[in-house]
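Beneath this line is the structure, given in structure tokens, with notes to follow.
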Amino acid sequence: MKKFVILLAFLIWIASLTGCGNRPPESQSATIFAMDTVMTITVYGEEAQEALRQATAEINRLETLFSVTRTESDLARINAADGKAVLVSPETAEVLTLAIALWEETDGTFSPGLYALQRAWGFTVGEYRVPEDAEIADLLAQVDVAEIRIDGLTVTAPPGMELDFGAIAKGYAADRLVLILRNLEIESAIISLGGDILALGERPGGAPWRVAVNDPFGHGSLGIIEVRDRAVNTSGNYERRFMSEEGETIHHILDPETGRPARSGLVSVTTVTADGARGDALATALFVMGLPDALAFVDRTPDLEAVFVTDDGRIYATRGLENMFVPEDAGRVSWS
Numbered sequence: 225m226k227k228f229v230i231l232l233a234f235l236i237w238i239a240s241l242t243g244c245g246n247r248p249p250e251s252q253s254a255t256i257f258a259m260d261t262v263m264t265i266t267v268y269g270e271e272a273q274e275a276l277r278q279a280t281a282e283i284n285r286l287e288t289l290f291s292v293t294r295t296e297s298d299l300a301r302i303n304a305a306d307g308k309a310v311l312v313s314p315e316t317a318e319v320l321t322l323a324i325a326l327w328e329e330t331d332g333t334f335s336p337g338l339y340a341l342q343r344a345w346g347f348t349v350g351e352y353r354v355p356e357d358a359e360i361a362d363l364l365a366q367v368d369v370a371e372i373r374i375d376g377l378t379v380t381a382p383p384g385m386e387l388d389f390g391a392i393a394k395g396y397a398a399d400r401l402v403l404i405l406r407n408l409e410i411e412s413a414i415i416s417l418g419g420d421i422l423a424l425g426e427r428p429g430g431a432p433w434r435v436a437v438n439d440p441f442g443h444g445s446l447g448i449i450e451v452r453d454r455a456v457n458t459s460g461n462y463e464r465r466f467m468s469e470e471g472e473t474i475h476h477i478l479d480p481e482t483g484r485p486a487r488s489g490l491v492s493v494t495t496v497t498a499d500g501a502r503g504d505a506l507a508t509a510l511f512v513m514g515l516p517d518a519l520a521f522v523d524r525t526p527d528l529e530a531v532f533v534t535d536d537g538r539i540y541a542t543r544g545l546e547n548m549f550v551p552e553d554a555g556r557v558s559w560s
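Dropping the structure here:
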């Protein structure tokens, strides 16, 4: 009997060790408000607490560089310089260089130089208005991105141009956080910066991360995108908008060619890419392009997939997502 009790205790001890070994690592999360959005970071691993501390500090640091409303930020100083050269941080120079490259790649449908126009429509402070045609024309004449000069850490923007990283900063921040997590040997994390999601590795246990694609018409989710080491970025016209006196819905995604809200026939675009900054900017560019040009762009661009929702409720998904996108209603989806 005594031997049996000892054996039983031994087996229970072994079982407890095995159970601990198979138990997935516990997660730790942090939620902060920065860059005008709610951000949530969930990290798995022994260094999770330190990772969250460093990640939070990095987001706050980047906001001090990229904010257009903080007078001491890099962007605010460029916007106030009236054509004079401004010394900026390496991060600002890096993002602006990437933004200009994406402006060229997308034939101008993405632009970092629209802040004055955003302000004219009232989107920067929520005091909405419809600018006169002459005002829009004057502002458009000052947003030639080709005139921006970057010499090392010195940036010179044309007089009158005002820069804004709103369509790329959160994606860039997510990329920076991934570098921090990997440096701490974190292998599993999910970063949600507003509409910008970046999945590091896979979920504990080996399954892919499941990212919901919001229905822009407010009916829950269009479906789930299953990803590993990918960024999922959404740009839509349903978040910041207002009704004009004539009863027209005015949204915040401006067409750089017209200076007016893009009328592309799309209500949302979700991109899947390898890095957040590129995916963030391309989601906006594809929205402005409209469905035919956007599909052609995705088709010729490596490591880019997308889900489109048109203003009449149709859903289009690119072929590269066939094994990743699980729609709520498969009958609504056209694969392109």
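The opening residue of the sequence shown carries number 225 in my numbering; numbering runs sequentially from there.
Glycine included, C-beta positions come from ideal geometry on N, C-alpha and C.
- Our two residues, A391 and G332, have alpha carbons roughly 14 Å apart in a direct line.
- Counting only runs that start and end inside the stretch 487-536, the beta strand (DSSP E) elements of at least 3 residues fall at 490-497 and 528-534.
- Shown here, G390 sits in coil according to DSSP, grouped into three states, outside any helix or strand.
- Boundaries of the beta strand (DSSP E) around N438: W433 to N438.
- Residue environment: W559 is assigned as exposed (fewer than 16 neighbouring CB atoms within 10 Å of its CB, all protein chains considered).
- In this structure G544 touches E529 by the C-beta definition: roughly 4 Å separates them, less than 8 Å.
- By the beta-carbon neighbour count (other beta carbons within 10 angstroms, threshold 16), M385 is buried.
- Shown here, G337 sits in coil according to DSSP, grouped into three states, outside any helix or strand.
- The secondary-structure analysis by DSSP pairs M263 across a beta bridge with I256 and L417.
- For D527, the closest of P355, D499, A520 and E274 by C-alpha to C-alpha distance is D499.
- Taken atom to atom, the span from the alpha-carbon of Q273 to that of V402 is near 15 Å.
- With respect to the C-alpha of P314, the residue from E328, K308 and L299 having the closest C-alpha is L299.
- In the three-state DSSP reduction, T473 falls in the strand class (E or B).
- When secondary structure is reduced to three states using DSSP, L377 falls in the coil class, being assigned neither helix nor strand.
- Straight-line spacing of the CA atoms in T482 and G537 works out to 25 Å.
- By the neighbour-count criterion, in which a residue is buried when 16 or more other Cβ atoms sit within 10 angstroms of its Cβ, A309 is exposed.
- Close CB contacts of Y352 within its chain, under the 6 Å cut and outside five residues either way in sequence, are with G346 and F466 (chain order).
- Judged by DSSP in its simplified three-state form, E359 adopts helix.
- D399 sits close to A501, with the two beta carbons spaced by under 8 Å.
- Residue range R454 to G460 is occupied by the beta strand (DSSP E) that includes N457, with no alpha helix (DSSP H) assigned at that position.
- Under the three-state reduction of DSSP output, Y268 falls in the strand class.
- If you ignore the 5 residues before and after E426, its C-beta comes within less than 7 Å of the C-beta of S412, P432, W433 and R452, all in its own chain and listed in chain order.
- Counting of Cβ neighbours within 10 angstroms places A520 among the exposed residues, the total staying below 16.
- Of the candidates P428, G269, V512 and A281, A281 places its Cα closest to the Cα of T255.
- As computed with DSSP, S412 is found in a beta bridge with Y268 and G425.
- In this structure, the beta-carbon distance from L338 to D420 does not fall below 8 Å.
- Pairing V367 with S445, the inter-Cα distance amounts to about 37 Å.
- When rounded, the separation of the alpha-carbon atoms in L341 and I448 is 35 Å.
- Around the beta carbon of G269, 16 or more other beta carbons lie within 10 angstroms, which makes this residue buried.
- Taking C-beta atoms under 8 Å as the contact rule, A393 and M259 qualify, at a distance of about 6 Å.
- No residue range can be given for E351, since it is assigned to no alpha helix (DSSP H) and is classified by DSSP as neither H nor E.
- R465 has H475 as its beta-bridge partners, per DSSP.
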